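Here's the structure, in structure tokens; my notes come after.
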Amino acid sequence: MDSGLFVGFLLLLSIAARGSSVSTPLVLWHGMGDNCCNPLSMGSIKKMVEEEVPGIYVLSLMIGKNVVQDTENSFFMDVNEQVAFACDKLGQDPKLKAGYNAMGFSQGAQFLRAVAQRCPYPPMNTLISVGGQHQGVYGLPRCPGESSYICDWIRKKLNSGAYTDAVQKHLVQAQYWHDPLNDDLYIQHSLFLADINQERVVNDTYKKNLMSLKKFVMVKFLQDSVVDPVVSEWFGFFKTGQAEKAETLQESTLYKEVSTVHNVILPGSLKASVSSLCF
Numbered sequence: 002m003d004s005g006l007f008v009g010f011l012l013l014l015s016i017a018a019r020g021s022s023v024s025t026p027l028v029l030w031h032g033m034g035d036n037c038c039n040p041l042s043m044g045s046i047k048k049m050v051e052e053e054v055p056g057i058y059v060l061s062l063m064i065g066k067n068v069v070q071d072t073e074n075s076f077f078m079d080v081n082e083q084v085a086f087a088c089d090k091l092g093q094d095p096k097l098k099a100g101y102n103a104m105g106f107s108q109g110a111q112f113l114r115a116v117a118q119r120c121p122y123p124p125m126n127t128l129i130s131v132g133g134q135h136q137g138v139y140g141l142p143r144c145p146g147e148s149s150y151i152c153d154w155i156r157k158k159l160n161s162g163a164y165t166d167a168v169q170k171h172l173v174q175a176q177y178w179h180d181p182l183n184d185d186l187y188i189q190h191s192l193f194l195a196d197i198n199q200e201r202v203v204n205d206t207y208k209k210n211l212m213s214l215k216k217f218v219m220v221k222f223l224q225d226s227v228v229d230p231v232v233s234e235w236f237g238f239f240k241t242g243q244a245e246k247a248e249t250l251q252e253s254t255l256y257k258e259v260s261t262v263h264n265v266i267l268p269g270s271l272k273a274s275v276s277s278l279c280f
């Protein structure tokens, strides 16, 4: 198991076991190209949690009617519709009515954050983000790096169409594509990420709902070769106007102008530091 995932799992166990003989239910949301029940990924994580925390109820979200649809929807289903689907499913589950903890993997992490902001019932107690791209991405999986002109060329080609209505509506990854070279274009046309990150208008309901979380844990993979920039996993991103130098959450305009203090844990290198975040 990756060390980041292991840290998140340990945090989850400590939270679930604290102060009660009955474990809080756990909701999982998988990443891109995966599905709810893959025995080599989400299926094994569900089984591991059930073995480690006897009696716990674990719901691994299936977005669609079967695992094939679930996998396809991770690429092609409007994210806002996915979030609404998940909210409806959670709201109809009687085992969650008293509250639940949530753990999202990769893009599933920011989707669960949208659930926390938009759907306060049943209440989400703790959100653990494992490699989630909370400020989006501006790069290609396993690309050689910022110095490669090939990476830059492909990225610009993708960016030229990422904010069209058709691409935004039907390609999941375009909905958290974040262009630091054209912030106005991103803010105007991003159907999902710019909304949940409060970059068009400040939605007080989103803020209130996120503040109801007891803990928000973000796990960053220190050797991640997929997410670009990797600091997005800790809510950082490239500084506006360029795509080379990154900034932390605390250095960002988003944090300085919109955020207020709340319980957020940023774990790294097997040690945690407490920071602030609430939109």
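Under the numbering used here, think of the first position of the sequence shown as 2, with each following residue one higher. No residue lacks a Cβ here, since even glycine has one placed at the ideal position from N, Cα and C. Values in this document were obtained by computation on a predicted structure and should not be read as measured data.
For the set A163, E51, N36 and F106, the Cα lying nearest the Cα of H135 is the one of F106.
Taking C-beta atoms as the reference points, G237 and L250 count as a pair closer than 8 Å.
V28 counts as buried, since no fewer than 16 other beta carbons sit within 10 angstroms of its beta carbon. Only buried fits G109, as 16 or more other CB atoms lie within 10 angstroms of its CB. Around the beta-carbon of R201, fewer than 16 other beta-carbon atoms lie within 10 Å, marking it exposed.
Annotation: the continuous beta strand (DSSP E) that includes S130 extends over M125 to V131. For L172 and M78, the gap between their C-alpha atoms comes out near 7 Å.
DSSP lists L29 and I129 as the beta-bridge partner residues of M104. Fully enclosed beta strand (DSSP E) runs of no fewer than 3 residues occupy 59 to 61 of the stretch 39 to 103, in order along the chain.
Per DSSP, the unbroken beta strand (DSSP E) holding K216 starts and ends at K216 to V220. V138 has W178 as its beta-bridge partners, per DSSP. Ranked by how close their Cα comes to the Cα of A247, the residues V231, K257 and Y256 have V231 in first place. One Cα belongs to E82, the other to Y164, and the distance between them is close to 18 Å. Nearest to D196 by alpha-carbon distance, out of V80, I57 and C38, is V80.
According to the DSSP assignment, L211 belongs to the alpha helix (DSSP H) that extends over D205 to M212.
In this structure, L62 and K90 form a Cβ contact; the two beta carbons are roughly 7 Å apart against a cut-off of 8 Å. Separation of the CB atoms of G133 and F222 is rounded to 11 Å, and the pair is thereby denied contact status at 8 Å. Below 8 Å, too few C-beta pairs join the stretch 85 to 103 and the stretch 174 to 184 to call them touching: fewer than three.
Apart from sequence neighbours up to five positions away, the residues of its chain that approach F193 with a beta-carbon distance below 7 Å are V80, N81, Q176 and Y177, ordered along the chain. The beta carbon of Q174 sits closer than 6 Å to no other beta carbon from its chain once the five residues preceding and following it are set aside. Non-local beta-carbon contacts of D225 in its own chain, meaning distances under 8 Å to residues more than five positions away in sequence, involve G132, V231 and E234 in chain order. The alpha-carbon of C38 is positioned some 37 Å away from that of S253. Assignment of E245 by DSSP, reduced to helix, strand and coil, places it in the coil class.
In the same chain as K47, and ignoring 5 residues on each side of it, the C-beta atoms closer than 6 Å to its own belong to V59 and S61, in chain order.
Between the beta-carbon of P124 and that of G140 there is about 35 Å, and that puts the pair past the 8 Å contact cut. With a 10 Å radius around the Cβ and a threshold of 16 neighbouring Cβ atoms, T206 comes out exposed. Residue environment for Q111: buried (at least 16 other C-beta atoms within 10 angstroms of its C-beta).
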